[in-house]
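Residue numbers (the UniProt record's numbering), protein chains in the order written: chain A, 1 to 342; chain B, 1 to 342.
Let me begin by presenting the structure, written as structure tokens, before commenting on it.
2 protein chains.
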Amino acid sequence: MTGRPHVTLEDVARTAQVSLATASRALNGATSVGPTLRDRVLAAAEELAYTPNAHARALAGSSHQTVGVICHDVSDPYFATIARGVMRVAGENDLLVMLASTFRDPQKEIAYVSMLRAQRASAILLIGSGFEDRAWERALAAELEPYRRGGGQVAVVSRHRSLRVDSVQPDNRAGAADLARALLDLGHRRFAVLAGPRRLTTVVDRLDGFRDALADAGIALADDDVIESGFTRDGGHAAMRELLARRRDVTCVFAVTDVMAIGALTAAREAGVSVPDDISLAGFDDIPVVRDLTPALTTVALPLEQLGEQAMRLAIRDNRGKRSRVVRMPADVVVRDSVARL
Amino acid sequence: MTGRPHVTLEDVARTAQVSLATASRALNGATSVGPTLRDRVLAAAEELAYTPNAHARALAGSSHQTVGVICHDVSDPYFATIARGVMRVAGENDLLVMLASTFRDPQKEIAYVSMLRAQRASAILLIGSGFEDRAWERALAAELEPYRRGGGQVAVVSRHRSLRVDSVQPDNRAGAADLARALLDLGHRRFAVLAGPRRLTTVVDRLDGFRDALADAGIALADDDVIESGFTRDGGHAAMRELLARRRDVTCVFAVTDVMAIGALTAAREAGVSVPDDISLAGFDDIPVVRDLTPALTTVALPLEQLGEQAMRLAIRDNRGKRSRVVRMPADVVVRDSVARL
DNA sequence: CTGAAAGCGCTTACAG
DNA sequence: CTGAAAGCGCTTACAG
């Protein structure tokens, strides 16, 4: 820090000609302070443009008004929409949010938890899929454990295999199964799935739900019918290109996220393949923009903003000692124009 | 904070049987500490899962590794994309970002600056349009002034009339003018504009640029040709509905942001009006998803991620004493399928 | 290279 | 109602 030093409580106290304690009390309103002195303190603070030092406050034992939120990528509409819910609840509770983007690097996730721990964030929210990776899970737990022991709250959105913390669980598996059944009802029998990396629990859950429902109807989804690609718009685009190049007899494609479906839709258009006339397409999440696509995308709707709101509420409501809470969120199939009835 | 108290440096020092000073030095690596003692300290810290208290560090005069970022709405693709650039640079510099969403409430913007000031964030970034409002500007300046005096860095993206701080300026005016000329070249003569609230500087700049370029070509844009609406997808949707209801002879519509254009596109589709066969449509920003729309949207491309990166870089590179820096960013017209040649 | 001690800016019992 | 003083958990001259 360069420049003139900060104005401190001491400056305010001196200007108001009161003790440090009185200045502190007057500013915090809590304990009673005589009106004369209080006004003098307030006036002095105003005049000096005083702002309390949050670090000193936190150290001295007052409240930590910050929470940490870790997501994979803020610019992904899925996270951006969840983040909106998080920010709203945070704002309502006068909390400051420290938001970190891991850019899907598991190591960064752990590094950020560590930083947030150092900041003594009162809560840490992990938004987004966990990784199916034992070593990573252990390392994450090793950071989270002492954090919680020190009184920190932890809440996650999506499934993290071995983390015993409060969580908001979108019903990925059931939603994908419902989608499969809806598509079967429309007459589809030959499917392909555009999937993200299988180390992501979300991918695994959706894929399993979809596959199992098909199996229940006597339809097998071969490994070959699942194209694994990046968990992004470009990943979906590439996967769809690959699928179309193979020229298979697929009538319906399920992209495990809307973002991938968006890329897939454009890939189809570029290849001169009409959706849904030549091939049907469905996604998952119901991010805001999918109803503005042409055709509007059939998908499994998750109440994204609520996911964020709920996670934040879990983190705010202390839950010491009790066992971890789980808030399940519904996943509802929304049929739009991107799927055809056969 | 409930639960067991945090592990402190003192615990580490005791465990390692060294002084507080030595433990501190060993952990920070800076000053030299004998290898034996250093190893003992590191082992103790590891064993106790020690994490330094960032508040104590900040108070004691070490570095503040946090920066504050204030935007209107994280879930808006425009901000989300800019935020991506911000997060990347922050990550590269081991900075933690405190992100606040004002939800377009000017008062909240000021309140957040105040909170960030209290946190002693080393820099504050204001992302997004300023408001054309004298009282608000004064109040904002009243927070920012003492912050900067105390050594805080400030950088903004977009124009803020009276804030004399470092800024990243997308060329809204010139970009809109270029767009107007491109549309004129395609043969359009009757235009309408779907605008956001005029108290936003971004709206004013784009509108003025567009209008002036038309005027230069001898075409007047009547007040009546400008429909003011919300700065959102739904705002664009409503504005387009209104325009179509008026059944005017407009051949081309300019929505001042892509997000509004997306809503407008759907409104047209719902009304059975074909874009671009019946009416042409253009946006501004080039958020990622617009190339995936049908038709792909003609727009004015802003290097959004770079906007965020540059702002963060300005904030990181100290600029004490020198006058405020301005980084201009190009705005390039990208013609896609949503506009027809007449 | 190592340690004792002051100080960062607050809050909060503890007295009065 | 008000004040003197201890303490939060670190860092960093200052001595040795």
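Where is the CB? At the ideal position from N, CA and C, for every residue including glycine.
Residue burial classification, residue i (beta-carbon count within 10 angstroms, cutoff 16)
| i | result |
| --- | --- |
| Ala239(A) | buried |
| Arg216(B) | Going by the sequence as given, residue 216(B) is Asp instead of Arg. Asp216(B) should be labelled exposed. |
| Gly91(B) | buried |
| Val74(A) | buried |
| Asn93(B) | exposed |
| Arg325(B) | exposed |
| Leu265(B) | buried |
| Ser24(A) | buried |
| Thr22(A) | buried |
| Thr2(B) | Reliability of the predicted coordinates at Thr2(B) is poor, the pLDDT of 41 falling under 50, and no value is obtained from them. |
| Leu116(B) | buried |
| Arg40(A) | buried |
| Leu20(A) | exposed |
| Ala121(B) | buried |
| Asn172(B) | buried |
| Val18(B) | buried |
| Arg57(B) | buried |
| Asp278(B) | exposed |
| Arg38(B) | buried |
| Ser274(A) | exposed |
| Arg104(A) | buried |
| Gln310(B) | buried |
| Gly218(B) | exposed |
8 Å Cβ cutoff, residue i in contact with chain A
| i | result |
| --- | --- |
| Gly91(B) | yes |
| Asp292(B) | yes |
| Arg117(B) | yes |
| Ser338(B) | no |
| Thr15(B) | no |
| Ile124(B) | no |
| Val74(B) | yes |
| Ser280(B) | no |
| His160(B) | no |
| His55(B) | yes |
| Thr8(B) | no |
| Arg325(B) | no |
| Thr51(B) | yes |
| Ala213(B) | no |
Neighbour flag for residue i against chain B, beta carbons, 8 Å
| i | result |
| --- | --- |
| Met98(A) | yes |
| Gly128(A) | no |
| Pro106(A) | no |
| Gly150(A) | yes |
| Leu59(A) | yes |
| Thr22(A) | no |
| Thr251(A) | no |
| Ser274(A) | no |
| Ile262(A) | yes |
Selection from the options that minimises the alpha carbon distance to residue i
| i | options | result |
| --- | --- | --- |
| Pro330(B) | Arg341(B), Asp285(B), Asp318(B), Arg291(B) | Asp285(B) |
| Cys71(A) | Gly68(B), Ala80(B), Ile70(B), Gln65(B) | Ala80(B) |
| Leu214(B) | Tyr112(B), His188(B), Ala180(B), Asp223(B) | Ala180(B) |
| Gly175(B) | Arg328(B), Tyr112(B), Ile279(B), Ala60(B) | Arg328(B) |
| Ser280(B) | Glu305(B), Ala301(B), Gln310(B), Leu244(B) | Leu244(B) |
| Leu95(A) | Ile82(B), Ala54(B), Ala177(B), Gln119(B) | Gln119(B) |
| Leu304(B) | Ala111(B), Val86(B), Asp105(B) | Val86(B) |
| Leu48(B) | Thr8(B), Val259(B), Arg313(B), Ala268(B) | Thr8(B) |
Quick one: any contact between the segment 12-21 of chain B and the segment 30-48 of chain B, if contact means 3 or more CB pairs under 8 Å? yes
Count the CB pairs spanning the segment 153-169 of chain A and the segment 123-138 of chain A that are closer than 8 Å, and state whether there are at least three. yes
Return the chain-ordered ranges of every alpha helix (DSSP H) run that is complete within the segment 31-117 of chain B and spans a minimum of 4 residues. 35-48, 54-59, 77-92
At 4 residues or longer, and completely inside the segment 201-226 of chain A: list those alpha helix (DSSP H) runs for me, N to C. 201-216
Output the residue ranges of the beta strand (DSSP E) runs that lie fully inside the segment 266-333 of chain B and measure 3 residues or longer, sorted by chain position. 280-282, 299-301, 326-329
Could you tell me which whole beta strand (DSSP E) segments of length 3 or greater appear in the segment 145-175 of chain A? 153-157, 166-170
What are the uninterrupted segments assigned as beta strand (DSSP E) that are 3 or more residues long and contained completely in the segment 241-266 of chain B, given in chain order? 252-255
For the segment 224-240 of chain A against the segment 289-306 of chain A, do three or more pairs of beta-carbon atoms, one drawn from each stretch, fall closer than 8 Å, so that the two count as touching? no
Does the segment 167-181 of chain B touch the segment 133-151 of chain B, meaning 3 or more C-beta pairs lie closer than 8 Å? no
Are the segment 249-262 of chain B and the segment 187-199 of chain B touching by the rule of at least three beta carbon pairs closer than 8 Å? yes
Three or more C-beta pairs closer than 8 Å, one from the segment 181-189 of chain B and one from the segment 140-154 of chain B: is that the case here? no
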